[in-house]
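Peer 1:
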Amino acid sequence: MPGLGQIFNQIANLEDKLENLKKQRYKLIEQKEDIRNKIKGCDDELASLQDKFASLQDEKKEFTKSLNSEVSEVENKIRELRELLDNSPSNSESPPRLLSLPWDDPRWFPDDSPNAYQPQTSGLAPGVIRLGELRVENKESQLVQVPALAPTFGISETNPHILFEFDPENREKVILGLQSTALRIISTFPARKLQCIFIDPVNMGDTFPFKDLHRFIAGQKTYTRSDDIEDQLRQLTDHIEQVIQTYLGNDYQNLAEYNEAAQAIAEPYRYLFIADYPAGFTQRSLDDLNSILVKGHKAGVNVVLHVGNSLENSENKRFSSIFGIGKFGTAVLRGGNFGNHHQISAALSPYPITLDEPPPAEQFNQIIKAVTEATTSTQVDTIPFSNFYPEQPWSSKYDTRRGINTSIGLKGAKDKLEFWLGENEEGELTSHGLLAGKTGSGKSFTLHAIITSLAMKYSPEELELYLLDFKEGVEFQMYVNSEKGNNNFNSTELKDDEEDNALPHAKVVSIESDREFGLSVLEYINQQIEERSNQFKAAGNLNKLQEYRDQTGEKMPRILVVIDEFQYMFQENDQITRRLNTVMDNITRQGRAFGIHLVIASQSPNVQNMSREIYSQVDLRMVQQMDESTASAILGDGNTSAVDLLDKPGKVIYNKEFGKKNHNEIGQVANISAQERYKALSYIKSIAEENNYQRSEPLVVFNGSQPTNLNQNRQLKQLSEIPQWLSLKELNKQVLKEKDWIVQEAPSVAWLGEAMRIGNHTKAIFRSRPRSNMLLVGSSEEIIFGILSGILVSLVHSRKPETAQFKIIDLSIPDEDNYWTEMTTHFRDCFSPYFSIQIAKRFSDKEQQILKSTMLLREVYEEFDSRLNKRNENPDEEDFGETIFFIYAIGSLNQAQNLRPTMGRRNREELSEDAEKVSQLISQGSELGIHTILWVEDLKTFLKMTADDRSWLTHFDLRVGLTMSESDSRLMFGETYAQKLPRMRAYFYDDASNYLEKFKPYAVPTKEELSSYSEQFQKRY
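According to the UniProt record's numbering, the stretch in the sequence shown is residues 1 to 1021, in order.
#1: Grab the span of the alpha helix (DSSP H) containing residue 127 for me, first residue to last.
#2: How about residue 246 and residue 614: are their beta carbons less than 8 Å apart?
#3: Three or more C-beta pairs under 8 Å: does that hold for the region 924-943 against the region 762-778?
#4: Taking the C-alpha atoms as reference points, what is the distance between residue 985 and residue 762?
#5: If you scan the region 679-760 from start to end, which runs of the beta strand (DSSP E) of 3 or more residues do you find wholly inside it?
#6: Take the Cβ of residue 792 as the centre, count every other Cβ of all protein chains shown within 10 Å, and call the residue buried at 16 or more, exposed below.
#7: Is residue 718 near the ligand NAP, with its Cβ less than 7 Å from a heavy atom?
#8: Note the first and the last residue of the continuous beta strand (DSSP E) segment covering residue 216.
#9: Along the chain, where does the alpha helix (DSSP H) containing residue 552 start, and where does it finish?
#10: Locate the alpha helix (DSSP H) running through residue 223, then write down its first and last residues.
#11: Verify whether the separation of the beta carbon atoms of residue 132 and residue 148 is less than 8 Å.
#12: How is residue 210 classed by DSSP in three states: helix, strand or coil?
#13: In three-state DSSP terms, what is residue 151?
#14: Within the continuous beta strand (DSSP E) that includes residue 829, where are the two ends?
#15: Hey, would you say residue 886 sits closer than 8 Å to residue 867, going by beta carbons?
#16: Do the region 603-622 and the region 425-443 meet, that is, are 3 or more Cβ pairs less than 8 Å apart?
#17: Using the rule of at least 16 other Cβ atoms within 10 Å of the residue's Cβ for burial, across every protein chain shown, is residue 1020 buried or exposed?
#18: Skipping 5 residues on each side, what residues in its chain have a beta carbon closer than 8 Å to that of residue 254?
#19: Quick one: measure Cβ to Cβ for residue 276 and residue 202, integer angstroms, because I've assumed they're closer than 8 Å.
#20: Identify the residues that DSSP records as bridge partners of residue 805: which are they?
#21: Rounded to whole angstroms, what is the Cα-Cα separation between residue 323 and residue 290?
#22: Taking Cβ positions, are residue 217 and residue 270 nearer each other than 8 Å?
#23: Looking only at DSSP bridge pairs, what is residue 448 linked to?
#24: Could you have a look at residue 375 and say whether DSSP puts it in helix, strand or coil?
#25: Taking the alpha-carbon of residue 834 as reference, which of 449, 455, 708, 797 has the nearest alpha-carbon?
#26: Just to confirm my understanding: we take residue 416, look at its own chain, exclude 5 residues before and 5 after, and list those with CB closer than 7 Å. What are they?
#27: Does DSSP put residue 460 in a helix, in a strand, or in coil?
#28: What residue range is occupied by the uninterrupted alpha helix (DSSP H) comprising residue 945?
#29: Measuring only the C-alpha atoms, how far is residue 744 from residue 960?
#30: Compute the distance between the beta-carbons of residue 501 and residue 685, then report whether it is under 8 Å.
#31: Based on the DSSP output, what are the partners of residue 558 in its beta bridges?
#32: Taking residue 518 as part of the alpha helix (DSSP H), name the residues at either end of that continuous run.
#33: Below 8 Å between beta carbons: does that hold for residue 513 and residue 704?
#34: Helix, strand or coil: which one does DSSP assign to residue 935?
#35: Between the alpha carbons of residue 396 and residue 590, how many angstroms are there, rounded?
#36: Rounded to whole angstroms, how far is the Cβ of residue 292 from the Cβ of residue 233, which I believe are closer than 8 Å?
Next up, the structure:
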């Protein structure tokens, strides 16, 4: 049995356990109370949460209601924005722009309906460009689709350049997005407000399929080679430099601001599209691209750049420098957190985007066609010339003692473009001007603006104009007759008696000038320098025009010589060119001091045979549209890229410092169309009438494109209007004023045509001397008979009726279509009441009183033989009777078989009997008062008739030749000049005085014109 101690121990243990159980009981009782409290607290909290939940449910209902209202409002605003973007044109008269609409919208199919796409033809550039659509991730959202728009110009401080990041999994989609963006830009910019450069080195141009797009927008081609890419980027950086320095300065923040102010001389925006960058790029290209990205947007140049896979190569890492902070305002990036979805960032948070793809090919081509047609038909913005009329034309406050200046257009946005020569208010000097521009650049308009504006401002007492035009056309003809500027005026004939309608300031007007005529004008101007120099010396050794006028109080006008297409004067390396260089060099060196200035204009100013010393004296350079290689002949080193700014006709670089860089002024010449010129010249005419202006000297007119009429011969006109027959002495005293005029030689004047010089018409003088006969050589019957008509009409005016006879053998074949074949009979019919005139042809016609040619030749020879016998009987005999003018118009020997040589005894050709008569007539007849005027079609005919006896030619001191072979020209004139004669030109050579002159033959006069002269003779009785 256990011991008592153990029992006590067990009892003690039980007591401890009991005590612990009691404690646990008390503890559990306490925990139960806590649990009850917690349960109560949870119940309370649950009740509170239930209250809050109920409250939130109420708030949710209110929020949902409010949210739905706001969503509806946002939807309405988006719709309004899209409506604004799509339907608001660039101005009130333009079609809707459709800026936010996808390509599949029906309105993007061009047609004539008012809501369909039509290119903008005016207004400002769009502020945004659509790239695609933003995607809303909440599938349950009721929001309308939102277009993804990128800024363009002038609406944000952010760079408007666009970046398309390389995406290997979606390259085709990105390329299509790039193509769509290009089409968006092209289709939404106003016509002629956008120019693009396309670079596509990988796809070789396939990325940008714009071959049918107007060249003004698309340029010459898509560039794929590294050297071409370099050139294009360098030209673009030069363009940016020119725009910032020339247009913006401190006046405008960017090109958009400038364009809004400039209006008529707004500068087109540029877009540079680059696919697969940096393929084809060099370090130089990279440097230029960085410059474009930094400053391009200020100058209106935006970049749309697509990154190609070559950037992944380690050697191309340097090309990553373009992706600096802020260089691209809009970036289309690869997926990121949006998986394969691209996103757009505009300096804000990224947004998911679905890029647009180009429309189907048919629609694409329709849009391109519409843009091209709009570009072609849209007129370039112009400035009305009427904006620049002077306030007080011909006012005494406008004098030219210091120089000439006038407004011809706008410079920059608002300033006037002033043309001036001489000395300006700041004391600067400008002597002469050079104007150059390609066909269609507005060069002629610029010349017209200068001429007309100066003529409006200054009176003819202050300014004289000498106007020479060397190209085909009639640019200056309206200055002879202002009616020729009127579209309703149909006449094309120029007459020099239209002086009432001529520009009062014009002293000489030449159209399609010949080199010789241009030289004569410049030699006349050179004489003016010499005369003025003598006047300045006589007045006290004065040095310039202002000093002379101030000192003497006398009027002395400035002289402005305008020569269009002056390079034609220097086209041959001959004596004329050498003389031109000498004369022009003297004018450019000395002219300004004496108030004489040149303005020379050309499409091709790099003139081979022209002295460079002349250019070195021409300080004013005016440049219009041309390529840089041509510009290098005019503008200074480093300045040729300025021509990139000349994007439309009439735009001009005005540089009065020999074309040096940093002296360019960019302007737009006012629109002076034919109708504007007509209005301006009519206005000048009215001013002249108000001031009772009368010309002090006749206007000199030369029209190289038309035959000269006899009535344009002022001396002949003066002679015909004299109311009595003049003696030979009085004839010379009153009209001709010839030094070599010996009355005893019975001199007779024969005008041939209009001389290629300032002054009287070309004439020959027949005298009772040996060899005073005339040989005409030329194959054109019409021109020859025009010359013969001038000779015949001249001769009847220079002799009294009883002192001259006319024996005419005309072997031309009568033809109704060839009116000149009747000229000789018309001449006889008009003047036979006053002079003895006989006509003979190959066959006689009694009804028409026409003899047979051989019979008339026999009569003339018999008279010659009689006179010869008379002189043989009395060597001192001087009176042989009336002067006989024997005209033998042969042409070819087909019509003159009697003159063909015969076969002699030794089987050699000998003169025919009739040819022998002609030989004696020309060898001795002129000293007996019988002058032979012989026409053959060429010298081969002449030599055939003479049996190859060249000594015959020595009996013709007076020689006239049309175009002929080199050998004939050398035989006829001693030079080869006649080889290159154009139609309606001839040479006259007087062997006795060794004088050679080029002239324009007279047109064959009608019978009515001949009658007008004979009617004047009736007044003498």
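We treat Cβ as the ideally placed atom computed from N, Cα and C, and that holds for glycine.
Peer 2: From the atom records:
#1: As a working mapping, residue 127 is identified with position 127 in the sequence shown. Looking at the DSSP string, residue 127 is not in any alpha helix (DSSP H), and its letter there is neither H nor E.
#2: On the sequence shown, residue 246 is found 246 positions in, with the first residue counted as 1. On the sequence shown, residue 614 is found 614 positions in, with the first residue counted as 1. No, these two residues do not count as a Cβ contact at 8 Å.
#3: yes
#4: In the sequence shown, the residue the question calls residue 985 occupies position 985. In the sequence shown, the residue the question calls residue 762 occupies position 762. Whole-angstrom Cα-Cα distance: 12 Å.
#5: 700-703, 748-755
#6: Sequence index remark: in the sequence shown, residue 792 carries index 792 (1-based). Classification for residue 792: buried.
#7: Ligands displayed in this structure: none; no statement on the ligand NAP is therefore possible.
#8: The count along the sequence shown starts at 1 and reaches residue 216 at position 216. It is not in any beta strand (DSSP E) - residue 216 instead sits in the alpha helix (DSSP H) that spans 215-218.
#9: If you number the sequence shown from 1, residue 552 lands on position 552. Start and end: 545-552.
#10: Here residue 223 refers to the residue found at position 223 of the sequence shown. Taken as a continuous stretch (DSSP letters only), residue 223 belongs to no alpha helix (DSSP H), as it is neither H nor E.
#11: Residue 132 sits at position 132 when you count from the first residue of the sequence shown. Residue 148 sits at position 148 when you count from the first residue of the sequence shown. A contact, by the Cβ cut-off of 8 Å.
#12: Reading the sequence shown from its first residue, position 210 is the one you call residue 210. Of the three classes helix, strand and coil, the one that applies to residue 210 here is coil, per DSSP.
#13: The count along the sequence shown starts at 1 and reaches residue 151 at position 151. In the structure shown, residue 151 sits in a strand (DSSP, three-state: E or B).
#14: Here residue 829 refers to the residue found at position 829 when the sequence shown is read from its first residue. Premise fails: residue 829 lies in the alpha helix (DSSP H), 823-831, not in any beta strand (DSSP E).
#15: Looking up residue 886 in the sequence shown gives position 886. Looking up residue 867 in the sequence shown gives position 867. No, they are not a contact pair.
#16: yes
#17: Indexing the sequence shown from 1 puts residue 1020 at position 1020. So residue 1020 counts as exposed.
#18: Taking the sequence shown and counting its residues from 1, the one referred to as residue 254 is at position 254. Answer for residue 254: 153, 154, 248, 297, 298, 299, 300, listed in chain order.
#19: Stepping through the sequence shown from its first residue, residue 276 is reached at position 276. Stepping through the sequence shown from its first residue, residue 202 is reached at position 202. With 8 Å as the limit, residue 276 and residue 202 qualify as a contact, their Cβ atoms being about 4 Å apart.
#20: As a first step, residue 805 must be located in the sequence shown, where it is residue number 805. DSSP output for residue 805 lists 836, 884 as bridge partner(s).
#21: Here residue 323 is taken as the residue at index 323 of the sequence shown, counted from 1. Here residue 290 is taken as the residue at index 290 of the sequence shown, counted from 1. Cα to Cα, the separation comes out at about 9 Å.
#22: To locate residue 217, count along the sequence shown from 1; it is residue 217. To locate residue 270, count along the sequence shown from 1; it is residue 270. For residue 217 and residue 270, no; Cβs fall outside 8 Å.
#23: Sequence index remark: in the sequence shown, residue 448 carries index 448 (1-based). In DSSP, residue 448 forms no bridge with anything.
#24: Against the sequence shown, residue 375 aligns to sequence position 375. DSSP places residue 375 in helix when its eight states are reduced to three.
#25: Along the sequence shown, one-based indexing puts residue 834 at 834. That would be 797, whose Cα lies nearest to the Cα of residue 834.
#26: The residue labelled residue 416 in the question sits at position 416 within the sequence shown. For residue 416, where only same-chain residues beyond five positions count, the Cβ hits under 7 Å are 407, 410.
#27: As a first step, residue 460 is located in the sequence shown; it is residue number 460 there, counting from the start. Three-state result, residue 460: coil.
#28: Along the sequence shown, read from residue 1 onward, the residue named residue 945 stands at position 945. Element bounds for residue 945: 939-945.
#29: Taking the first residue of the sequence shown as position 1, residue 744 is located at position 744. Taking the first residue of the sequence shown as position 1, residue 960 is located at position 960. If you take the alpha carbons of residue 744 and residue 960, they lie about 26 Å apart.
#30: One-based indexing of the sequence shown puts residue 501 at position 501. One-based indexing of the sequence shown puts residue 685 at position 685. Yes, Cβ-Cβ distance for residue 501 and residue 685 is below 8 Å.
#31: Within the sequence shown, numbered from 1, the residue matching residue 558 stands at position 558. In DSSP, residue 558 forms a bridge with 463.
#32: As a first step, residue 518 must be located in the sequence shown, where it is residue number 518. Run containing residue 518: 515-538, per the alpha helix (DSSP H) assignment.
#33: Your numbering for residue 513 matches position 513 in the sequence shown. Your numbering for residue 704 matches position 704 in the sequence shown. It is a contact, given that the beta carbons lie within the stated cut-off.
#34: Taking the first residue of the sequence shown as position 1, residue 935 is located at position 935. The answer is strand: DSSP assigns residue 935 an E or B state.
#35: Counting from 1 along the sequence shown, the entry for residue 396 is found at position 396. Counting from 1 along the sequence shown, the entry for residue 590 is found at position 590. Spanning the two alpha carbons is a distance of roughly 27 Å.
#36: Indexing the sequence shown from 1 puts residue 292 at position 292. Indexing the sequence shown from 1 puts residue 233 at position 233. The pair is a contact, with the Cβ atoms about 7 Å apart (cut-off 8 Å).
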